[in-house]
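A.B. asks: Taking the working numbering, the leading residue of the sequence shown gets -5, the next gets one more, and so forth. Ideal placement from N, C-alpha and C gives every residue a C-beta, glycine not left out.
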Amino acid sequence: MECSVVDGEELLGLLEELLGAVGLGVLGGAGQVEVRRRDEQVLGLGGRERVAHEAVRLYLREIGRWPLLDAEGEVSLARRLEAGEAARLRLAVADADERPGLQGLVADGIEARRCLIQANLRLVVSIAKRYVGRGMLLLDLIQEGNLGLMRAVEKFDHSKGFKFSTYATWWIRQAITRAIADQARTIRIPVHMVETMNKVLRAQRQLVQELEREPSVAEVASKVDLSPERVREIYRLAQDPLSLDSPVGEEDDSHLSDFIEDLRAEVPGDVAIRDLLRLAVSEALDHLNERERDVMRLRFGLDGEGEVHTLEEVGRAFGVTRERIRQIESKTLAKLRHPERSRKLRDYLDDD
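#1: How would you write the range of the alpha helix (DSSP H) that serine 336 sits in, first residue to last?
#2: Express the C-alpha separation of serine 70 and proline 61 in angstroms, rounding to a whole number.
#3: Suppose contacts are defined by Cβ-Cβ distances below 9 Å. Is alanine 88 in contact with glycine 103 by that definition?
#4: I need the straight-line Cα distance from serine 216 to proline 209, nearest angstrom please.
#5: Once the 5 residues before and after isoleucine 228 are set aside, which same chain residues still bring their CB inside 6 Å of it?
#6: Grouping DSSP H, G and I as helix and E and B as strand, with all else coil, what is serine 240?
#7: Rounded to whole angstroms, how far is the Cβ of isoleucine 319 from the Cβ of valine 302, which I believe are closer than 8 Å?
#8: If isoleucine 111 and leucine 135 are in contact, beta carbons under 8 Å, what's the gap, nearest whole angstrom?
#9: So within the region 172 to 244, which uninterrupted alpha helix (DSSP H) runs reach at least 4 residues, ignoring any that extend past its ends?
#10: Using 8 Å as the Cβ pair cut-off and three pairs as the minimum, do the region 174 to 185 and the region 124 to 133 touch?
#11: When DSSP labels each residue in this structure, what does histidine 47 get in the three-state scheme?
#12: To the nearest angstrom, how far is the alpha carbon of alanine 72 from that of glutamate 79?
#13: Here's the rule I'm using: 16 or more other beta-carbon atoms within 10 Å means buried, otherwise exposed. How should glutamate 189 be labelled?
#14: Thinking leucine 63 and alanine 122 are a contact (beta carbons under 8 Å), I'd like their distance in whole angstroms, please.
#15: Is it buried or exposed for threonine 326, if we count other Cβ within 10 angstroms and need 16 for buried?
#16: Which partner residues of serine 248 appear in the DSSP bridge assignment?
#17: What separation, rounded to the nearest whole angstrom, lies between the Cα atoms of proline 184 and phenylalanine 150?
#18: Taking 6 Å as the limit between beta carbons, can you name the residues of its chain near alanine 106, skipping five residues before and five after?
#19: Is valine 211 closer than 9 Å to valine 202 when the C-beta atoms are compared?
#20: Work out the CA separation of aspartate 219 and aspartate 252 for me, nearest whole Å.
#21: Closest to threonine 304 by C-alpha separation, out of Val261, Ser153 and Leu292, would be which residue?
#22: Count the other CB atoms, across all protein chains shown, that sit within 10 Å of the CB of asparagine 283; report buried if there are 16 or more and exposed otherwise.
#23: Can you tell me whether alanine 311 is buried or exposed? The criterion is at least 16 other CB atoms within 10 Å of its CB, across all chains shown.
#24: Taking threonine 326 as part of the alpha helix (DSSP H), name the residues at either end of that continuous run.
#25: Skipping 5 residues on each side, what residues in its chain have a beta carbon closer than 6 Å to that of alanine 197?
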């Protein structure tokens, strides 16, 4: 049975691939959908939320058709699936006489896999509901949980004596939590950090209930056995990013970026003063010979790159000792201190 999209609504297609993989369709006629839409318009639901709500309703009704399994039924399906997988591997080397029987076992294993998945789709929904409000729609959470369920079916070993639902719960939770860590945030945060963040936020909520007030950073840090600095960092990471293009005010003619200072931007007056200072330094250096100019540029970062070099480094560049460079530097600075050469530069010194 192929999965269909009710009335062409976009969000109903979110489960199309997974529903098709397990042979599910979507129930409900156009008339029923339209009646519910009118009811929801009265309740004030938005367009996107209304479609998502209807999609979940139809999906829950569809998966409710499939009966739950007892322990015996789970083991029976798991054995059929196991036999089908073994037959699939044998098909590659089987002769013509064996192939029909093996193909039958493969088909039966595929059917058993479908039945095991269908019978546990409600488990996925019950787990996905616990993660609503963490940055992903319920439909997306269900979709990721279904992927985890399919993985659990592939890995399940009935011979260990565990119930399939107990085993599948871990895989479903893992798939959902990893999806939240990877997709829910604009800036991805590593999975281990998301787990720590959830631990801190959970402790904060517990303390709010116990203390009947907002707990301090130190109180939260003590409860989760982390340093206060680490908790502050986690609080910062937990904040949702804001777009610089977010409108501010009711007129929508101002944006958040208009009110944030750009610390990297240079004040035009400072740029002009720096250019004049660079020109004055260049004029002062013109009174020196070439070697003295080069030594000054390297020692004080006047070569345009702003990198200051040690006496040792300058000495290696000129092939002389560091003491000789120190002598040249001392002599050159004495020249530059002459009132005629230093007059323009003194104007840029602080009054202090």
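C.D. replies: Looking at the coordinates:
#1: Position 342 of the sequence shown, counted from the first residue, corresponds to residue 336. Run containing serine 336: 333 to 340, per the alpha helix (DSSP H) assignment.
#2: Within the sequence shown, the letter at position 67 stands for residue 61. Within the sequence shown, the letter at position 76 stands for residue 70. The straight-line gap from Cα to Cα measures roughly 15 Å.
#3: Residue 88 sits at position 94 when you count from the first residue of the sequence shown. Residue 103 sits at position 109 when you count from the first residue of the sequence shown. It is not a contact, given that the beta carbons lie outside the stated cut-off.
#4: What you label residue 216 is simply residue 222 of the sequence shown in a count that begins at 1. What you label residue 209 is simply residue 215 of the sequence shown in a count that begins at 1. Rounded to the nearest angstrom, the two C-alpha atoms are 11 Å apart.
#5: Stepping through the sequence shown from its first residue, residue 228 is reached at position 234. Excluding sequence neighbours, isoleucine 228 sits near Met191 and Val194.
#6: Indexing the sequence shown from 1 puts residue 240 at position 246. Reduced to three states, the DSSP call for serine 240 is coil.
#7: Within the sequence shown, the letter at position 325 stands for residue 319. Within the sequence shown, the letter at position 308 stands for residue 302. With a Cβ gap of about 13 Å, isoleucine 319 and valine 302 do not count as contacting.
#8: Within the sequence shown, the letter at position 117 stands for residue 111. Within the sequence shown, the letter at position 141 stands for residue 135. Between leucine 135 and isoleucine 111 the Cβ distance is about 17 Å, and since that is not below 8 Å, they are no contact.
#9: 185 to 205, 211 to 218 and 222 to 232
#10: Touching, yes, given that three or more Cβ pairs across the two stretches are closer than 8 Å.
#11: Here residue 47 is taken as the residue at index 53 of the sequence shown, counted from 1. Three-state DSSP puts histidine 47 in a helix.
#12: For this step, residue 72 is matched to residue 78 along the sequence shown. For this step, residue 79 is matched to residue 85 along the sequence shown. Each residue's Cα considered, the two are about 11 Å apart.
#13: Counted from its first residue, the sequence shown places residue 189 at position 195. Per the 10 Å Cβ criterion, exposed.
#14: The residue you call residue 63 lines up with position 69 of the sequence shown. The residue you call residue 122 lines up with position 128 of the sequence shown. Wrong, their Cβ atoms sit about 20 Å apart, outside the cutoff.
#15: By one-based count along the sequence shown, residue 326 stands at place 332. By the neighbour-count rule (16 or more Cβ atoms within 10 Å), threonine 326 is buried.
#16: As a position in the sequence shown, residue 248 is number 254, starting the count at 1. Answer by DSSP bridge pairing, in chain order: Val242.
#17: By 1-based counting over the sequence shown, the position of residue 184 is 190. By 1-based counting over the sequence shown, the position of residue 150 is 156. CA-CA distance, proline 184 to phenylalanine 150, rounds to 28 Å.
#18: Numbered from 1 along the sequence shown, position 112 holds the residue referred to as residue 106. Around alanine 106: Leu71, Arg74 and Leu75.
#19: Position 208 of the sequence shown, counting from 1, holds the residue named residue 202. Position 217 of the sequence shown, counting from 1, holds the residue named residue 211. Contact flag unset, no.
#20: By 1-based counting over the sequence shown, the position of residue 252 is 258. By 1-based counting over the sequence shown, the position of residue 219 is 225. Approximately 41 Å between the Cα atoms of the pair.
#21: Taking the sequence shown and counting its residues from 1, the one referred to as residue 304 is at position 310. Closest option to threonine 304, Cα to Cα, is Leu292.
#22: Within the sequence shown, residue 283 is the residue found at index 289, counting from 1. Exposed, since its Cβ has fewer than 16 Cβ neighbours within 10 Å.
#23: For the purposes of this step, residue 311 is taken as residue 317 along the sequence shown, with counting starting at 1. Around the CB of alanine 311, fewer than 16 other CB atoms lie within 10 Å, so the residue is classed as exposed.
#24: Counted from its first residue, the sequence shown places residue 326 at position 332. It spans 316 to 330 - the alpha helix (DSSP H) in which threonine 326 sits, taken as one unbroken run.
#25: As a working note, residue 197 is residue 203 in the sequence shown. For alanine 197, where only same-chain residues beyond five positions count, the Cβ hits under 6 Å are Val214, Lys217 and Val218.
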